[in-house]
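Notes to accompany the following structure.
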């Protein structure tokens, strides 16, 4: 299997296992949503090693673990990253 395809499948599996949306996954990894979306959808032709490291960090995974066959990934114990909760706003004062 192509390594970029394997990365895309692994990221989707990790994200769904953690109950995250693509937007939340991008946030916890520190990326823009569109950038992350291209990686997960396999539309990013090249991905830097540092990017894969950052994507694994919220789950406590190393690069080799993310690129492992999906069956091995399913057996791994991973952290469950939590996105930052949106700031709660109080009522606005009327002018």
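In the working numbering, the protein residues as written are 3 to 97.
We put the beta carbon where it would ideally sit given N, CA and C, even for glycine.
Item, Value
"May I have a chain-ordered list of the alpha helix (DSSP H) segments no shorter than 4 residues that lie completely inside the stretch 7-34?", "24-31"
"Could you tell me the alpha carbon to alpha carbon distance between residue 29 and residue 5, rounded to whole angstroms?", "23 angstroms"
"Note the first and the last residue of the continuous alpha helix (DSSP H) segment covering residue 58.", "51-58"
"Which residue marks the beginning of the alpha helix (DSSP H) containing residue 67, and which one marks its end?", "65-68"
"Go ahead and pull the three-state DSSP assignment for residue 100.", "Any question about residue 100 goes unanswered here, given that the chain covers just 3 to 97."
"Here's a check: name, in chain order, each residue in its chain whose Cβ is nearer than 8 angstroms to the Cβ of residue 91, leaving out the five neighbours to either side.", "Its pLDDT being 44, under 50, residue 91 is placed unreliably in this model, and the value from its coordinates should be taken loosely. Here the set comprises nothing."
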